[in-house]
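Engineer: Protein chains in written order, with our numbering: chain H, 10 to 372; chain D, 17 to 327. The beta carbon of each residue, even a glycine, is placed where N, CA and C say it ideally should be. Below is a structure I'd like to ask you about.
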Ligand SMILES: Nc1ncnc2c1ncn2[C@@H]1O[C@H](COP(=O)(O)OP(=O)(O)OP(=O)(O)O)[C@@H](O)[C@H]1O
Ligand SMILES: [Mg+2]
């Protein structure tokens with residue numbers, strides 16, 4: 010079992026309010042990822058769960074027992090640190106065995122578990138080496154091994170892949186996912202990389218300035234972001250935003266700014282009835298913009314001028330000037346476009362997002 | 017372009033003056049750069065050392081060159097009771113103070129390594145015994161141990177722990193204890209600050225990882241902090257042992273080797289014989305007798321440090 014519940018968690022560092030009223034229920038066997046920009050309080054939250062940081066107010070419980078007052082060692086958790094935190098004077102074997110030795114496991118059992126973990130992670134050959142004789146990726150595996158030999162109820166990861174090069178990071182990401190499927194231990198994972206969050210998480214917690222912005226499955230965050238921040242943070246390249254004024258004409262709603270004038274589709278128009286005459290923020294993802302063709306007549310369209318063409322092979326990114334503002338579109342690699350071309354661009358009607366101009370919450 | 021190319025070729029073609037050619041040879045340059053160091057080391061270390069050895073095998077006294085007498089001086093001092101006491105004292109003095117300095121220094125360093133208000137100030141304050149000239153602070157201590165004016169006696173008396181005066185520096189054992197106390201007081205800051213520097217190189221994450229791994233505080237100290245601090249500890253102990261073994265100032269000021277030559281160390285006894293009595297060659301022999309011991313200590317510890325670092 011490994012069910013973690015955070016109830017009204019706050020953290021103050023003297024005057025800094027680092028974590029603000031976080032409520033979260035993490036189910037057994039779930040892989041939950043905390044994601045957000047630097048300084049948003051992800052690490053602090055994780056360290057409070059680990060018991061390395063005192064909780065200013067609120068309760069954290071594991072499997073129904075409040076653990077606020079328990080020392081880290083009594084919480085039955087294992088943590089993987091960003092810089093691995095391997096004991097430099099111990100061999101790989103001793104690094105992995107340390108936690109078991111401290112818990113007075115029998116020698117045979119220790120050996121069995123270390124071998125088992127080493128096999129899973131493919132580091133059986135390295136057991137006699139010292140950490141400084143290992144590459145970054147190998148150290149990362151040892152750090153993982155140290156966590157899994159303990160068979161804890163919960164794994165805590167603090168940006169474990171951020172010191173690896175891009176290729177290795179992708180590879181380790183897949184391995185982590187496999188490892189989780191195999192072990193089934195509840196995992197809480199902190200990262201600032203939204204791709205890692207989307208690919209690893211069963212559910213993703215988006216944080217900003219110590220406040221949880223949205224909790225949901227990756228696709229839920231992608232398709233129904235709760236506010237402009239989540240919409241802009243999840244997805245790459247980032248969502249395009251345009252501040253528009255809503256007006257009414259001939260019974261339908263029009264969204265308009267200096268370079269843009271589109272008729273809002275009915276689904277959205279319904280939600281915006283109350284906003285006529287006011288400003289809202291329109292959001293559309295680059296992948297939901299296409300070069301308009303005759304098939305797109307019922308989709309909202311607008312004119313744009315191409316400023317930069319980025320060939321990525323699998324797609325083309327177009328940086329476009331739309332009136333005074335800029336937008337990015339991701340179009341088919343077969344599109345024939347050049348810098349300074351004037352284009353008619355269509356937005357996929359069902360994929361438009363609108364946000365309140367003041368609160369930035371989704372409407 | 018053309019101009020600079022021309023000047024470059026002319027430079028290469030013109031034969032440089034002889035002196036410049038010598039300096040361009042790396043071996044010569046290295047030698048020239050080393051000369052100041054060699055001169056300094058030679059004048060202030062090698063020459064006195066060799067002079068000491070030469071002196072120790074003669075019968076020189078103040079104002080008398082003397083003759084070669086072989087190892088007679090060494091033979092003489094090894095049969096000298098006071099010399100034997102000095103040897104014993106030096107070992108006790110070095111051993112006891114080093115253990116206490118290490119223990120107290122480590123304890124202080126661990127306290128200072130925590131976060132608390134006024135940390136920077138406390139760290140600077142801790143260094144005071146180290147900064148004050150030893151002779152000055154030792155005089156203050158001498159005053160505190162003075163049988164008549166002793167603050168210690170006054171305190172003990174007023175707390176009802178003693179009834180009469182304790183003659184700290186007049187009793188051989190108490191005198192030894194007194195100088196040991198002063199040496200510890202004087203040496204702890206060096207240990208504390210050096211070990212603190214060592215502690216700060218140990219990532220706090222290691223202790224956190226160990227805490228999560230189930231290690232209790234003293235286990236974390238024993239399995240993580242202590243082994244990682246060991247190289248620094250060895251260097252600090254090495255320095256301290258060498259200094260304490262050859263200590264002079266504290267004993268000279270506090271007891272002058274007394275009462276009845278009971279607290280002499282190598283250095284103070286050598287000074288007393290050589291300068292006080294004028295038996296230069298014998299004093300040199302006493303001072304030289306330290307050398308094999310220190311040499312051994314240095315060798316053992318350097319080997320050990322190397323082993324620890326290679327790990
Ligand atoms: N020991 C501390 N003392 C004071 N403020 C702190 C301390 N630790 C963190 N903070 C503050 O708390 C906030 C949250 O920090 P935290 O380390 O949790 O951020 P993070 O989300 O992990 O960021 P990153 O992605 O950069 O690691 C930050 O504003 C930080 O400055
Ligand atoms: Mg962090």
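With a threshold of 9 Å between beta carbons, is residue 215 of chain D in contact with chain H?
Structural biologist: Position 199 of the second chain, counted from the first residue, corresponds to residue 215 of chain D. Cβ-Cβ to chain H under 9 Å: no for residue 215 of chain D.
Engineer: Quick one: complete alpha helix (DSSP H) runs, 4+ long, within the stretch 19-82 of chain H?
Structural biologist: Here the runs fully enclosed are 51-59.
Engineer: Strictly below 8 Å CB to CB, what residues from chain D border residue 61 of chain H?
Structural biologist: Walking along the first chain from the start, residue 61 of chain H turns up at place 52. Under the 8 Å cutoff, chain D gives 224, 227 and 228.
Engineer: What's the C-alpha gap between residue 63 of chain H and residue 29 of chain H?
Structural biologist: Here residue 63 of chain H refers to the residue found at position 54 of the first chain. Here residue 29 of chain H refers to the residue found at position 20 of the first chain. Computed Cα separation, rounded: 14 Å.
Engineer: Can you name the residues that DSSP bridges to residue 365 of chain H?
Structural biologist: Counting from one through the first chain, the residue named residue 365 of chain H turns up at place 356. Paired residue(s): H:289.
Engineer: Considering only the alpha carbon of each residue, which of H:74, H:109 and H:259 lies closest to residue 87 of chain H?
Structural biologist: Within the first chain, numbered from 1, the residue matching residue 87 of chain H stands at position 78. Considering only alpha carbons, the answer is H:109.
Engineer: Identify, in the order they occur along the chain, each residue of the same chain with its Cβ nearer than 6 Å to the Cβ of residue 280 of chain H, setting aside the five sequence neighbours on each side.
Structural biologist: Locating residue 280 of chain H in the first chain gives position 271, where the first residue counts as 1. Same-chain partners within the cutoff: 372.
Engineer: Tell me whether residue 130 of chain D is buried or exposed, calling it buried when 16 or more other Cβ atoms sit within 10 Å of its Cβ.
Structural biologist: On the second chain, residue 130 of chain D is found 114 positions in, with the first residue counted as 1. Classification of residue 130 of chain D: exposed, given that the 10 Å Cβ count is below 16.
Engineer: Hey, is residue 40 of chain D close to ligand 2, as in C-beta under 8 Å from one of its heavy atoms?
Structural biologist: By one-based count along the second chain, residue 40 of chain D stands at place 24. No - ligand 2 has no heavy atom lying nearer than 8 Å to the Cβ of residue 40 of chain D.
Engineer: When the Cβ atoms of the stretch 10-25 of chain H are set against those of the stretch 52-71 of chain H, are three or more pairs found closer than 8 Å?
Structural biologist: Touching, yes.
Engineer: What does the alpha-carbon distance come out to for the pair residue 313 of chain D and residue 156 of chain D?
Structural biologist: Here the question's residue 313 of chain D lines up with position 297 in the second chain. Here the question's residue 156 of chain D lines up with position 140 in the second chain. When rounded, the distance between both Cα atoms is 32 Å.
Engineer: Where does residue 1 of chain H land, buried or exposed, given buried means 16+ other C-beta within 10 angstroms?
Structural biologist: Examination of residue 1 of chain H is not possible in this model, given that chain H is present from 10 through 372 alone.
Engineer: What residues in its chain sit with their C-beta under 6 Å from that of residue 350 of chain H, if we drop five residues either side in the sequence?
Structural biologist: The residue labelled residue 350 of chain H in the question sits at position 341 within the first chain. Within the same chain, residue 350 of chain H has close Cβ partners 315.
Engineer: Is residue 306 of chain D helix, strand or coil when you go by DSSP?
Structural biologist: Here residue 306 of chain D corresponds to residue number 290 of the second chain, with the count starting at 1. DSSP places residue 306 of chain D in helix when its eight states are reduced to three.
Engineer: On a Cα-Cα basis, can you pick out the residue from H:203, H:205, H:226 and H:199 that is closest to residue 212 of chain H?
Structural biologist: Here residue 212 of chain H refers to the residue found at position 203 when the first chain is read from its first residue. Here the closest residue by C-alpha is H:226.
Engineer: Ordered along the chain, which non-local residues of its own chain (more than five positions away) have a Cβ less than 6 Å from that of residue 99 of chain D?
Structural biologist: Here residue 99 of chain D is taken as the residue at index 83 of the second chain, counted from 1. These residues qualify, in order along the chain: 93.
Engineer: By DSSP's criteria, residue 297 of chain D is part of a beta bridge. Which residues make up the other side?
Structural biologist: Here residue 297 of chain D refers to the residue found at position 281 when the second chain is read from its first residue. Paired residues: none, contrary to the question.
Engineer: Should residue 215 of chain H be counted as a contact of ligand 2 given a C-beta to heavy atom distance under 8 Å?
Structural biologist: As a first step, residue 215 of chain H must be located in the first chain, where it is residue number 206. Result no, Cβ not under 8 Å from ligand 2.
Engineer: Shorter than 8 Å, the distance from the beta carbon of residue 60 of chain H to the closest heavy atom of ligand 1, or not?
Structural biologist: Taking the first chain and counting its residues from 1, one reaches residue 60 of chain H at position 51. No, ligand 1 has no heavy atom inside 8 Å of this Cβ.
Engineer: Can you find a C-beta in chain H that's less than 9 Å from the C-beta of residue 149 of chain D?
Structural biologist: Here residue 149 of chain D refers to the residue found at position 133 of the second chain. It does not: the Cβ of residue 149 of chain D has no partner Cβ on chain H nearer than 9 Å.
Engineer: Pick from H:269, H:82, H:46 and H:73: whose alpha carbon is nearest that of residue 61 of chain H?
Structural biologist: To locate residue 61 of chain H, count along the first chain from 1; it is residue 52. When each option's Cα is compared against that of residue 61 of chain H, the closest is H:82.
Engineer: Classify residue 95 of chain D: buried if its beta carbon has 16 or more other beta carbons within 10 angstroms, exposed otherwise.
Structural biologist: Position 79 of the second chain, counted from the start, is the residue given in the question as residue 95 of chain D. Label assigned to residue 95 of chain D: exposed.
Engineer: Give the residues of chain D in contact with residue 108 of chain H, contact being defined as C-beta atoms less than 7 Å apart.
Structural biologist: Residue mapping note: residue 108 of chain H aligns to position 99 of the first chain, counting from 1. In chain order: 229 and 230.
Engineer: Is residue 27 of chain D helix, strand or coil by DSSP?
Structural biologist: If you number the second chain from 1, residue 27 of chain D lands on position 11. Here the model assigns residue 27 of chain D a pLDDT of 48, short of 50, so the residue's position is not dependable, and the following value carries that caveat. Looking at residue 27 of chain D - three-state DSSP - the assignment turns out to be helix.
Engineer: Which complete beta strand (DSSP E) runs does the stretch 72-141 of chain H hold, if anything under 3 residues is left out?
Structural biologist: You should have 86-89.
Engineer: Just tell me which of H:302, H:278 and H:202 has its CA closest to the CA of residue 291 of chain H.
Structural biologist: Walking along the first chain from the start, residue 291 of chain H turns up at place 282. The shortest C-alpha separation from residue 291 of chain H is found at H:278.
Engineer: What I want to know is whether the C-beta of residue 52 of chain H ends up closer than 8 Å to one or more non-hydrogen atoms of ligand 2.
Structural biologist: Taking the first chain and counting its residues from 1, one reaches residue 52 of chain H at position 43. Answer for residue 52 of chain H: yes, Cβ within range of ligand 2.
Engineer: Between which two residues does the beta strand (DSSP E) holding residue 288 of chain D run?
Structural biologist: As a position in the second chain, residue 288 of chain D is number 272, starting the count at 1. Premise fails: residue 288 of chain D is in no beta strand (DSSP E) and is neither H nor E.
Engineer: By the 8 Å beta-carbon criterion, what residues does the stretch 239-250 of chain D contribute toward chain H?
Structural biologist: Of all residues in the stretch 239-250 of chain D, 239, 240, 243 and 244 have a Cβ within less than 8 Å of some Cβ in chain H.
Engineer: What residues from the stretch 321-353 of chain H come within 7 Å of chain D, judged by C-beta to C-beta, listed N to C?
Structural biologist: Hits within the stretch: zero.
Engineer: Among the residues of its own chain, which have a CB less than 6 Å from the CB of residue 278 of chain D, if the five just before and after it don't count?
Structural biologist: Walking along the second chain from the start, residue 278 of chain D turns up at place 262. Counting only Cβ-Cβ distances below 6 Å, and skipping sequence neighbours, we find 188.
Engineer: Out of D:311, D:297 and D:247, which has the shortest C-alpha to C-alpha gap to residue 321 of chain D?
Structural biologist: The count along the second chain starts at 1 and reaches residue 321 of chain D at position 305. Measuring from the Cα of residue 321 of chain D, the nearest candidate turns out to be D:247.
Engineer: Do we get a CB-CB distance below 9 Å when we pair residue 259 of chain D with the residues of chain H?
Structural biologist: Numbered from 1 along the second chain, position 243 holds the residue referred to as residue 259 of chain D. Chain H, which has no Cβ nearer than 9 Å to the Cβ of residue 259 of chain D, makes this no.
Engineer: According to DSSP, is residue 329 of chain H helix, strand or coil?
Structural biologist: Numbered from its first residue, the first chain carries residue 329 of chain H at position 320. Residue 329 of chain H: strand per DSSP, three-state reduction.
Engineer: With burial defined as no fewer than 16 other Cβ atoms inside 10 Å of the residue's Cβ, what is the status of residue 158 of chain D: buried or exposed?
Structural biologist: On the second chain, residue 158 of chain D is found 142 positions in, with the first residue counted as 1. When all chains shown are included, residue 158 of chain D counts as buried.
Engineer: Of all the CB atoms in chain H, is at least one closer than 9 Å to the CB of residue 221 of chain D?
Structural biologist: Taking the first residue of the second chain as 1, we reach residue 221 of chain D at position 205. True, the Cβ-Cβ gap to chain H drops below 9 Å.
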